[in-house]
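Here the structure comes first, spelled out in structure tokens, and everything after it is commentary.
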Amino acid sequence: MPNMSFNKAPMPEQDPRERSRNFSEVSMGYTETLAKSEALRCLQCKGSPCMQGCPVNVRIPEFINLVAEGSYEEAYQVIRDTNSLPAICGRVCPQETQCEQYCVRGKKGEPVGIGRLERFVADWHMAHVQDTVGAVKKSGKKVAVIGSGPSGLTCAGDLAKKGYDVTVFEAFHAPGGVLMYGIPEFRLPKALVLKEIETVKQLGVQFEMNMVVGRIHSLDELTEAGYEAIFIGTGAGLPSFMGIPGENLNGVYSANEFLTRVNLMKAYQFPESDTPIKRGKNVAVIGGGNVAMDSARCAKRLGADHVYIIYRRSEVELPARREEVHHAKEEGIQFKLLTNPIRILGTEKGWVNCIECVSMELGEPDVSGRRRPIEVKGSEHSFDVDIVIIAIGTSPNPLIKMTTPGLNTQKWGGIIVNEETGATSREGVYAGGDAVTGAATVILAMGAGKKAATAIDEFIKNKSGR
Amino acid sequence: MYQIIKKVVLTPSIKLMEVDAPDIARKVEPGQFIILRIHEGGERIPLTVADFDREKGTVTIIFQEIGKTTLMLGTLEEGECILDFVGPLGVPSNFEGVKKAAVIGGGLGTAIAYPQAKKLHGMGVMVDTIVGFRNKDMIIFEKEIAQVSDRLFVTTDDGSNGRKGFVSDVLRILIEDGNKYDLVVAIGPLIMMKVVSNLTREYGIKTIVSMNPVMIDGTGMCGGCRVTVGGKTKFACVDGPDFDGHEVDFDEAMRRQSIYKNEEKISLEQHLCRLGGVLNA
Chain V
74 MPNMSFNKAP MPEQDPRERS RNFSEVSMGY TETLAKSEAL RCLQCKGSPC MQGCPVNVRI
134 PEFINLVAEG SYEEAYQVIR DTNSLPAICG RVCPQETQCE QYCVRGKKGE PVGIGRLERF
194 VADWHMAHVQ DTVGAVKKSG KKVAVIGSGP SGLTCAGDLA KKGYDVTVFE AFHAPGGVLM
254 YGIPEFRLPK ALVLKEIETV KQLGVQFEMN MVVGRIHSLD ELTEAGYEAI FIGTGAGLPS
314 FMGIPGENLN GVYSANEFLT RVNLMKAYQF PESDTPIKRG KNVAVIGGGN VAMDSARCAK
374 RLGADHVYII YRRSEVELPA RREEVHHAKE EGIQFKLLTN PIRILGTEKG WVNCIECVSM
434 ELGEPDVSGR RRPIEVKGSE HSFDVDIVII AIGTSPNPLI KMTTPGLNTQ KWGGIIVNEE
494 TGATSREGVY AGGDAVTGAA TVILAMGAGK KAATAIDEFI KNKSGR
Chain X
24 MYQIIKKVVL TPSIKLMEVD APDIARKVEP GQFIILRIHE GGERIPLTVA DFDREKGTVT
84 IIFQEIGKTT LMLGTLEEGE CILDFVGPLG VPSNFEGVKK AAVIGGGLGT AIAYPQAKKL
144 HGMGVMVDTI VGFRNKDMII FEKEIAQVSD RLFVTTDDGS NGRKGFVSDV LRILIEDGNK
204 YDLVVAIGPL IMMKVVSNLT REYGIKTIVS MNPVMIDGTG MCGGCRVTVG GKTKFACVDG
264 PDFDGHEVDF DEAMRRQSIY KNEEKISLEQ HLCRLGGVLN A
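Keeping their order, the protein sequence lines are chains V and X. All residue numbers for the first sequence refer to my numbering, where the first residue is 74 and numbers rise by one. All residue numbers for the second sequence refer to my numbering, where the first residue is 24 and numbers rise by one.
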């Protein structure tokens, strides 16, 4: 009998007052009982509408049915068939705009908690099953993957399954890209990310850390070294600044710097870890996306009394996930909506002490369909802050483009590819993820990595005349 | 892991290490830098490459022990390893069309100016090198840099060796004596590079400085190393570290260099305290 409850089985969470002082994971995940009960809400629809919302085509009703039966490992295998990083996707995908958006149960009440179930299954597998690798017939052909974020990991994993010798080149000392440096521990525990990457390593993928491709090896040199194809998954890591006065004052961070210090370098454990970070009493975060929410919630956990999100549109337009906005509010983050900073002011010694803003109102929709914010005359106002974090977006890192002749890019830096295959303007070079689209989602990057792996396989097979 | 092949103690607080890093050694050019991390939980620090040997596959770094990380690095011996060693980073120096140059190194900057002088000298450029130290005990790399200079001028702040005074004093004299430099390369403390840049601006001599701001990744993804150059924000790790000295906002750079002064002190004190604990145990 299906469970006809209108609401998702609630997921246990840390108390907001408690969790805003630690970096442990906020959501604690389903128990078996909760998972089974939620799985029974799935109606096993013919045609599986939910699947059209999943960029990597997880066979959703099939795995959920197995959860309902208590066959968790079988459910895991169904997910892993198309998704290399289920414990991550279950946590960070914006399911409300993907799989769950198409769920029939969502028409009357809440959709099935697909993400929560995926997470449960992946966590259950990690806790109970030792992975073993089946023998893969090696083709003896080498492929290079640049960047070890979600697109690179997925592409590498899929190619390894197809028998290629895959080497991933990563600029940082740790793999994972944004999963390691960007998304905080309290949303995505790093031990879990490393464990998911371990499953990719077990497929035989080699990882070379500390390799800034473009500086240490050029794409041409990789080709000369015998790599038959190259996948570029270098992400969109170049931070945008606003260009307002005071942005170079001490205490102004890009969200990338702030989050890298906190997440990758564990600056919240300073001085036990060596990387320092400035802890503010009053912190302003500029922007309204997930990165802004992550930055604000980190600043709160570092001990700030007041953390403000400054966003120039209104609450409905906030690009962050609803769940993250909700969590941020629960933790006491204050939202200054319809507000835009015009300058940052500092002390004589050059430290931030104040931010000046104007109020905004929403005008007619612009080309993107969003109502354009317009400054309200005479609405200048300012308040005290000692740290400012700028989270207004990122664009693709230009290093590969700068050092690779013949690689065509958009004016804003995105690598131009064939949408079906990920093929770039250079033969044998493929790209995907944020490096192509600009900042998007983990799951879209994974989808792009998957597509490119298929295309690379075909490209190499055709090349070798098989 | 990157093995330390050779270690030389240049002064009690300045050490040289030749590190086994063949991929970097093959590619690196003067002006570029590396980022290293000693151990798990360690921070990433940038160090300019002081020399390299493509055949041996080694990269030479020279550092002064000023905080926890450099002190810990200084305790590593030949045969031991550095956990992470990333490079080459930054853009190589560009010396096209230069006929006569003055290379200026201040303190530790002397070692960092060495590959620049070596490259210029190797290109057939006339090189006058001016190096300055606080006192005679701080002098490093004198012999090496002499070999790649047409003329070498050594100064000490207190006159304990060479000429008394600052590198900028010597540069002014040389310029006023009629030496026609078409390039000045200044590498050392920000204040020295600022003074030199102000001086050469008077004479309209092109001046390159090598910035060394706070960095994390060194690949252009955070902007922690931003420097205002000609009124525009630049990332020293990808746009530099070389910049036109006449365009750099040195006052801002000096201010930004001090962001973590307190934290650096806490980190160092705690480290020394722990060392003391171990020694007393």
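C-beta atoms are modelled at their ideal positions from N, C-alpha and C, and glycine is treated no differently.
- Interface with chain V (9 Å Cβ-Cβ cutoff): residue 75/X is excluded.
- Within chain X, the residues 278, 279, 281 and 282 have their CB atoms less than 9 Å from the CB of residue 323/V, given in chain order.
- Close to chain X, meaning a Cβ-Cβ distance shorter than 7 Å, are the following residues of the segment 285-317 of chain V: 285, 288, 289, 310, 311, 312 and 314.
- Against chain X, the CB of residue 345/V has a partner CB under 9 Å away; the residue lies at that interface.
- Excluding sequence positions up to five before and after residue 179/V, its CB lies within less than 7 Å of the CB of 173, all in the same chain and listed in chain order.
- DSSP assignment within the segment 246-285 of chain V yields the following whole alpha helix (DSSP H) runs of 4 residues or more, N-terminal first: 251-254 and 263-274.
- Per DSSP, the beta bridge partners of residue 429/V are 416/V and 455/V.
- Leaving aside the five residues that flank residue 139/V on each side, the residues in its chain whose CB is nearer than 7 Å to its CB run, in chain order, 147, 148 and 151.
- Pairing residue 229/V with residue 357/V, the inter-Cα distance amounts to about 39 Å.
- Taking 7 Å as the Cβ-Cβ cut-off, the segment 464-494 of chain V approaches chain X at 470 and 472, given in chain order.
- Residues of the segment 238-253 of chain V that bring their beta carbon within less than 9 Å of a beta carbon in chain X comprise 244, 245 and 246, in sequence order.
- Its chain contains 515, 518 and 519 as the residues whose beta carbon lies nearer than 6 Å to that of residue 223/V, once the 5 sequence neighbours on both sides are disregarded; these appear in chain order.
- The beta carbon of residue 26/X sits closer than 6 Å to those of 43 and 104, all from its chain and outside the five residues before and after it, given in chain order.
- Residue 40/X is bridged by DSSP to 30/X and 84/X.
- Judged by DSSP in its simplified three-state form, residue 117/X adopts coil rather than helix or strand.
- Taking a 10 Å sphere around the C-beta of residue 528/V, we find 16 or more other C-beta atoms and assign the residue as buried.
- Linking residue 502/V to residue 211/V through their CA atoms gives a straight-line distance of about 21 Å.
- Here residue 247/V has 253 as same chain residues with Cβ atoms under 6 Å from its own Cβ, once five neighbours each way along the sequence are excluded.
- Following the DSSP letters along the chain, one finds residue 323/V in no alpha helix (DSSP H), marked with neither H nor E.
- Within the same chain, Cβ atoms closer than 6 Å to the Cβ of residue 328/V are found at 364, 368, 462 and 464, the five residues on either side in sequence being excluded.
- Taking C-alpha positions only, residue 109/X is separated from residue 321/V by approximately 26 Å.
- Contacts with chain V at 9 Å (Cβ-Cβ) do not include residue 185/X.
- Secondary structure of residue 117/V (DSSP, three-state): coil.
- Note on the segment 171-224 of chain V: whole alpha helix (DSSP H) runs with a minimum of 4 residues are 187-201, in chain order.
- In the structure shown, residue 192/X falls within a helical segment according to DSSP collapsed to helix, strand and coil.
- Residue ranges of uninterrupted beta strand (DSSP E) with 3 or more members, entirely inside the segment 448-524 of chain V and ordered along the chain, are 454-457, 460-463 and 502-504.
- Within the segment 101-118 of chain X, the residues whose Cβ lies closer than 9 Å to any Cβ of chain V are, in chain order, 106, 107, 108, 109, 110, 111, 112 and 113.
- When the beta-carbon positions are compared, residue 524/V and residue 476/V stay at least 9 Å from each other.
- Residue 259/V has its alpha-carbon roughly 29 Å from the corresponding atom of residue 205/V.
- If you draw a straight line from the Cα of residue 265/X to the Cα of residue 48/X, it comes to about 20 Å.
- Chain order gives no chain V residues near residue 234/X, where near means a beta carbon separation below 7 Å; the closest approach is about 13 Å.
- Each of 308/V, 458/V, 425/V and 393/V was checked against the Cα of residue 488/V, and the nearest Cα belongs to 308/V.
- When C-beta atoms of the segment 94-104 of chain X are compared with those of the segment 130-140 of chain X, fewer than three pairs fall below 8 Å, so the two segments do not count as touching.
- About 7 Å separates the Cβ atoms of residue 95/V and residue 374/V, confirming a contact at the 8 Å cut-off.
- The C-alpha of residue 244/X lies about 48 Å from the C-alpha of residue 77/V.
- Within a 10 Å sphere around the beta-carbon of residue 323/V sit 16 or more other beta-carbons, which makes this residue buried.
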